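Residue numbers (this note's numbering), protein chains in the order written: chain A, 108 to 521; chain B, 108 to 521.
To start, the structure under review is shown below, and the notes come after it.
There are 2 protein chains.
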Amino acid sequence: MRIEVVNTGSELLLGKVVNTHVGYFGDELFRLGLRIQRQTTIPDGDDIRVVLEEAFPRCDVILITGGLGPTSDDITREIVAEMLGRELQLDQSILDGIQEMFRSRGLNPNRANDRQAMVPEGAVVLDNPNGTAPGLYVPATEESPHLFLMPGPPRELKPMWQSLVQPRIVELLGVSGQQVETAFRNFRIYGVGESAVATFLEPEVEGIPDLELGYCARLGEVDVRLIGSDSAVEQAAKILRAKYPEDIVAESEDSISQVIIQLLSERGQTIATAESCTGGLIASTITDESGSSGVFHRGYVTYANEAKSSLLGIDLATIESHGAVSPETVTAMAEGCLRESGADHAIAVSGIAGPTGGSEEKPVGTVYIGIASVGQATYVKHYFWPAERVSFKTRVCRLTLDLLRRRILGYPLS
Amino acid sequence: MRIEVVNTGSELLLGKVVNTHVGYFGDELFRLGLRIQRQTTIPDGDDIRVVLEEAFPRCDVILITGGLGPTSDDITREIVAEMLGRELQLDQSILDGIQEMFRSRGLNPNRANDRQAMVPEGAVVLDNPNGTAPGLYVPATEESPHLFLMPGPPRELKPMWQSLVQPRIVELLGVSGQQVETAFRNFRIYGVGESAVATFLEPEVEGIPDLELGYCARLGEVDVRLIGSDSAVEQAAKILRAKYPEDIVAESEDSISQVIIQLLSERGQTIATAESCTGGLIASTITDESGSSGVFHRGYVTYANEAKSSLLGIDLATIESHGAVSPETVTAMAEGCLRESGADHAIAVSGIAGPTGGSEEKPVGTVYIGIASVGQATYVKHYFWPAERVSFKTRVCRLTLDLLRRRILGYPLS
Chain A
108 MRIEVVNTGS ELLLGKVVNT HVGYFGDELF RLGLRIQRQT TIPDGDDIRV
158 VLEEAFPRCD VILITGGLGP TSDDITREIV AEMLGRELQL DQSILDGIQE
208 MFRSRGLNPN RANDRQAMVP EGAVVLDNPN GTAPGLYVPA TEESPHLFLM
258 PGPPRELKPM WQSLVQPRIV ELLGVSGQQV ETAFRNFRIY GVGESAVATF
308 LEPEVEGIPD LELGYCARLG EVDVRLIGSD SAVEQAAKIL RAKYPEDIVA
358 ESEDSISQVI IQLLSERGQT IATAESCTGG LIASTITDES GSSGVFHRGY
408 VTYANEAKSS LLGIDLATIE SHGAVSPETV TAMAEGCLRE SGADHAIAVS
458 GIAGPTGGSE EKPVGTVYIG IASVGQATYV KHYFWPAERV SFKTRVCRLT
508 LDLLRRRILG YPLS
Chain B
108 MRIEVVNTGS ELLLGKVVNT HVGYFGDELF RLGLRIQRQT TIPDGDDIRV
158 VLEEAFPRCD VILITGGLGP TSDDITREIV AEMLGRELQL DQSILDGIQE
208 MFRSRGLNPN RANDRQAMVP EGAVVLDNPN GTAPGLYVPA TEESPHLFLM
258 PGPPRELKPM WQSLVQPRIV ELLGVSGQQV ETAFRNFRIY GVGESAVATF
308 LEPEVEGIPD LELGYCARLG EVDVRLIGSD SAVEQAAKIL RAKYPEDIVA
358 ESEDSISQVI IQLLSERGQT IATAESCTGG LIASTITDES GSSGVFHRGY
408 VTYANEAKSS LLGIDLATIE SHGAVSPETV TAMAEGCLRE SGADHAIAVS
458 GIAGPTGGSE EKPVGTVYIG IASVGQATYV KHYFWPAERV SFKTRVCRLT
508 LDLLRRRILG YPLS
């Protein structure tokens with residue numbers, strides 16, 4: 108089944124507004140065993156006609172985003188009707204819905220929105236509870252593939268895809284006799300690089316029929332996605348689990364923060380943070396997730412030496428003799444954080460994010476990470492990863508959270 | 108001058124890897140007064156031929172990314188040569204460079220990389236100091252537009268664009284007699300919405316010839332970009348400055364953190380943070396910028412009431428009688444943070460990020476922001492912005508930093 112994506116929107120071609128639709132559709136279709144064969148972005152306006160004329164003969168399905176709004180540039184609906192030789196008809200229930208939405212916000216509906224209630228003959232209206240522009244599904248004809256017209260804003264498009272478009276694609280796959288691959292599993296792995304996972308996994312799964320692999324690597328985090336029949340996915344999953352028993356953070360897309368919150372909650376434990384070079388990012392990453400308040404009560408951002416000393420009760424002499432970026436200072440930070448906070452685990456980080464502040468002995472990118480836990484020896488890791496500040500902070504944050512995860516689970520640290 | 112962008116790379120269509128090239132080129136070309144007329148993404152492999160055949164007749168310039176690597180799927184170079192009827196010739200200096208790069212990393216060059224040293228007759232090699240695949244420039248012929256072939260990885264592509272491609276585009280513009288618009292200015296505005304700026308600005312600048320406007324809105328931050336002749340940009344800039352004297356954070360793309368660090372540095376002042384619902388994000392945002400250590404020495408993440416009390420010296424009774432999310436508690440947090448830290452300014456935030464924890468009286472999205480400064484009355488702002496957690500935190504962080512900026516500058520707060 109050949110699927111193409113056409114995105115209309117001048118803002119997508121002007122820079123700064125990133126096209127998130129492609130990634131979203133790509134990921135969603137991958138889970139159905141499908142691929143996007145081509146994706147095209149065009150400005151608002153008349154270009155949609157040319158692109159659709161080219162695409163009609165070669166496609167089974169075209170996913171079209173944008174151009175359904177109320178302004179004069181929004182002409183996807185009209186062009187599609189014209190290309191198919193269909194009349195546009197006013198759909199009173201859409202019009203009522205638009206007018207109701209305006210009134211409920213204390214606004215007067217204007218005539219410009221009426222156009223959004225026009226529907227090409229034979230098209231199916233896809234309700235949009237999150238905006239005024241409904242989507243449209245135009246079933247295939249002799250001359251045209253299946254067309255799905257969806258609104259551009261992601262917060263309108265995604266719910267529409269989930270509830271109204273994706274199920275129809277599954278249905279079309281069924282009718283076409285193509286196998287719908289329903290088994291999909293994501294493995295989130297920390298502590299192993301993407302190429303190492305791929306080099307190991309690919310020969311191992313070569314003999315498994317109908318298995319597709321996908322990878323996605325972010326700073327310090329690798330997602331391995333398995334798709335295929337239930338048994339193919341389960342076979343590959345077993346191989347991954349056997350190889351990386353301690354490195355698999357989740358068999359899902361749960362964030363490492365969610366995993367840590369879950370692990371701590373189950374054990375009735377808490378965590379506190381003492382951050383220098385990460386500047387609060389670790390605390391912020393933990394508190395990105397609901398439920399964090401149960402396991403995280405306080406964090407210290409001790410950027411200056413004086414703050415390390417007064418907030419964490421560290422002897423200033425330790426810092427002065429070994430330096431703020433040293434195993435001794437980070438050990439004292441972690442243990443001070445544990446003591447001052449009364450938490451069960453404490454993490455501490457001190458490093459040189461750059462671009463200034465490096466030296467021959469401790470270049471930019473040097474960092475020490477400490478983990479102190481009640482009744483256990485404090486662990487300190489040295490790490491070196493020169494990069495621009497925000498990447499450095501992100502990489503160190505992920506590494507620290509992974510060390511914490513391993514500590515909670517009683518895995519050896521290294 | 109009609110410009111299209113063709114991105115090859117299966118990973119761009121599989122989800123998760125976002126296509127950042129389009130935004131990058133769009134932004135860069137906008138500064139030259141140019142627009143991308145169409146952008147196409149295709150998988151690695153043979154599709155590039157079809158797409159180029161379609162695009163050749165209608166384009167003046169095609170920017171092509173990806174497909175220059177060493178694997179069998181990387182065939183952009185070969186297809187282009189074939190389409191133009193050119194021989195591929197070995198470029199010994201490229202080959203030497205590749206082999207040297209391998210050796211310097213202690214690796215053996217393999218034959219697969221030799222293909223990267225093949226150059227179509229008549230093409231200009233674009234050096235790639237950041238990878239093994241050089242870029243190529245193929246000047247226009249009767250049958251083909253100007254082609255720029257660039258490597259896919261952004262860290263290789265961007266320097267190549269800056270130093271070798273962008274100057275040639277400017278040159279081509281000059282030859283074509285088209286005006287190169289060099290004046291470009293970005294205004295970063297806080298405290299006014301995108302549509303309010305547009306509604307004000309567009310009628311005001313209608314009479315200014317050769318002025319183009321661009322907008323980009325993020326949560327709580329609006330960029331207005333002016334492009335045109337020097338005098339057109341200066342006229343529009345004057346109008347913006349007169350209308351929004353206190354809301355313009357920067358006449359550049361400097362982050363609000365950079366602006367605040369600069370303002371504090373100039374005054375020899377410091378800032379400390381006491382965060383509840385933002386969970387360290389404000390501290391982390393400040394420390395994203397180099398130079399932050401001079402003005403930011405410590406931050407408190409006081410997620411639990413007990414932490415607010417013990418770290419900031421707040422009477423627990425205040426929290427218990429008014430609640431953790433209240434003007435009284437936030438005032439006490441800001442003043443406690445100022446006192447404990449010895450900083451010149453202190454900001455404090457407490458709110459309900461959700462999805463749980465809301466009540467009839469204080470629904471999810473409620474937040475209080477406090478600013479205490481030496482010798483000034485403490486200011487507390489109530490704000491309500493229900494959204495998912497990370498958006499909420501980001502919006503509140505930007506609002507808080509903007510209040511701080513206004514306080515430092517002595518602007519009235521509201």
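Every residue, glycine too, gets a C-beta built ideally from N, C-alpha and C.
Nothing here was measured: the structure is a model prediction, and the numbers come from that model.
In DSSP terms, what residue i is bridged to
i	result
Ala-381/A	Tyr-407/A, Ala-455/A
Arg-292/B	Leu-333/B
Thr-127/B	Its beta-bridge partners do not exist; DSSP assigns none.
Glu-328/A	Arg-325/A
Leu-243/B	Val-232/B, Leu-256/B
Thr-115/A	Ile-149/A
Gln-196/B	Val-226/B
Val-489/B	For clarity, residue 489/B is His in the given sequence; the question names Val instead. In the DSSP output, where bridge partners are listed per residue, His-489/B has Tyr-475/B.
Ile-171/B	Val-113/B, Leu-256/B
Ser-480/A	His-452/A
Leu-318/A	Gly-335/A
Ala-357/B	Arg-295/B
Ile-426/A	In DSSP, Ile-426/A forms no bridge with anything.
Cβ-Cβ separation, residue j to residue i (assumed contact under 8 Å), whole Å
i	j	result
Ile-346/A	Phe-294/A	Incorrect: roughly 11 Å between the Cβ atoms, too far for contact.
Val-158/B	Thr-147/B	5 Å
Val-125/B	Gly-130/A	5 Å
Val-226/B	Leu-195/B	7 Å
Met-108/A	Leu-170/A	Not confirmed; about 12 Å, so no contact.
Gly-529/B	Ser-372/B	The shown model of chain B, from 108 to 521, leaves out residue 529/B, and the question about it has no answer.
Met-267/B	Gly-229/B	No, Met-267/B and Gly-229/B are not in contact; Cβ-Cβ is about 20 Å, not under 8 Å.
Asp-234/A	Gly-122/B	No, Asp-234/A and Gly-122/B are not in contact; Cβ-Cβ is about 25 Å, not under 8 Å.
Lys-350/B	Phe-403/B	No, Lys-350/B and Phe-403/B are not in contact; Cβ-Cβ is about 32 Å, not under 8 Å.
Val-366/A	Arg-512/A	6 Å
Arg-505/B	Leu-254/B	Actually they are not in contact, since the Cβ atoms of Arg-505/B and Leu-254/B sit about 42 Å apart, beyond 8 Å.
Contacts of residue i in chain B (Cβ-Cβ under 9 Å)
i	result
Thr-178/A	Per Cβ cutoff of 9 Å: no residues; Thr-178/A is ~13 Å from chain B at best.
Thr-463/A	Ser-397, Gly-398
Glu-161/A	Glu-161
Tyr-407/A	Arg-405, Gly-406, Tyr-407, Val-408, Leu-418
Chain A residues whose Cβ lies nearer than 9 Å to that of residue i
i	result
Arg-323/B	According to the sequence shown, residue 323/B is Cys rather than Arg. In chain order: Glu-118, Leu-121, Gly-122, Lys-123, Val-124.
Val-129/B	Leu-119, Leu-120, Gly-122, Val-125, Asn-126, Thr-148
Asp-154/B	Gln-144, Arg-145
Thr-248/B	Ordered by position in chain A, no residue passes the 9 Å Cβ test against Thr-248/B, which lies about 24 Å from the chain.
8 Å Cβ cut-off: residues of chain B touching residue i
i	result
His-404/A	Tyr-410, Ala-411, Glu-413, Ala-414
Phe-137/A	Leu-121, Gly-122
Chain B contact residues for residue i, given Cβ-Cβ distances below 7 Å
i	result
Ala-381/A	The premise fails here: Ala-381/A is roughly 10 Å from chain B at the closest Cβ pair, so nothing lies under 7 Å.
Ala-455/A	The contacting residues do not exist; Ala-455/A stays about 14 Å from chain B at best.
Gly-133/A	Leu-120, Leu-121, Gly-122
Contact set between residue i and chain A, taken where Cβ atoms lie within less than 7 Å
i	result
Thr-438/B	Near Thr-438/B there are no residues of chain A at all, since even the closest Cβ is about 20 Å away, more than 7 Å.
Ala-494/B	What Ala-494/B touches in chain A: nothing, since even the nearest Cβ is about 10 Å away.
Ala-390/B	Gly-386, Gly-387, Val-408
Thr-239/B	Ordered by position in chain A, no residue passes the 7 Å Cβ test against Thr-239/B, which lies about 16 Å from the chain.
Near the ligand HEM: residue i beta-carbon under 8 Å from a heavy atom
i	result
Glu-249/A	Looking at this structure, you won't find the ligand HEM or any other ligand, since it has none at all.
Where residue i meets chain A, residues with beta-carbon distance less than 8 Å
i	result
Gly-204/B	Those do not exist, as Gly-204/B stays about 23 Å from chain A at its closest Cβ, beyond 8 Å.
Thr-425/B	Neighbours of Thr-425/B on chain A: none; closest Cβ ~18 Å, over 8 Å.
Thr-172/B	Correct list: empty, because the minimum Cβ distance to chain A is about 14 Å.
Thr-473/B	Correct list: empty, because the minimum Cβ distance to chain A is about 16 Å.
> What residues from the region 140-152 of chain A come within 8 Å of chain B, judged by C-beta to C-beta, listed N to C?
Replying inline: Arg-142, Ile-143, Gln-144, Arg-145, Gln-146, Thr-147, Thr-148, Ile-149, Pro-150
> Pairing CB atoms from the region 114-122 of chain B with CB atoms from the region 481-496 of chain A, are three or more of them under 8 Å?
Replying inline: no
> Between the region 497-518 of chain B and chain A, which residues of the former have a C-beta closer than 8 Å to a C-beta of the latter?
Replying inline: Val-497, Lys-500
> Hey, is the region 448-459 of chain A in contact with the region 476-487 of chain A, meaning 3+ C-beta pairs nearer than 8 Å?
Replying inline: yes
>> Give me the subset of the region 315-344 of chain A whose CB atoms are less than 8 Å from a CB atom of chain B, sorted by chain position.
In response: Gly-321, Cys-323, Asp-330
>> Tell me whether the region 430-446 of chain A and the region 363-379 of chain B touch, counting them as touching only if at least three CB pairs, one residue from each stretch, are closer than 8 Å.
In response: no
> Can at least three beta-carbon pairs, one atom from the region 290-304 of chain A and one from the region 270-281 of chain A, be found at a separation below 8 Å?
Replying inline: no
> Any chance the region 399-412 of chain A sits against the region 385-401 of chain B, with 3 or more Cβ pairs inside 8 Å?
Replying inline: yes
>> Taking contact to mean 3 or more Cβ pairs, one atom from each stretch, closer than 8 Å, check whether the region 451-466 of chain A and the region 497-517 of chain A are in contact.
In response: yes
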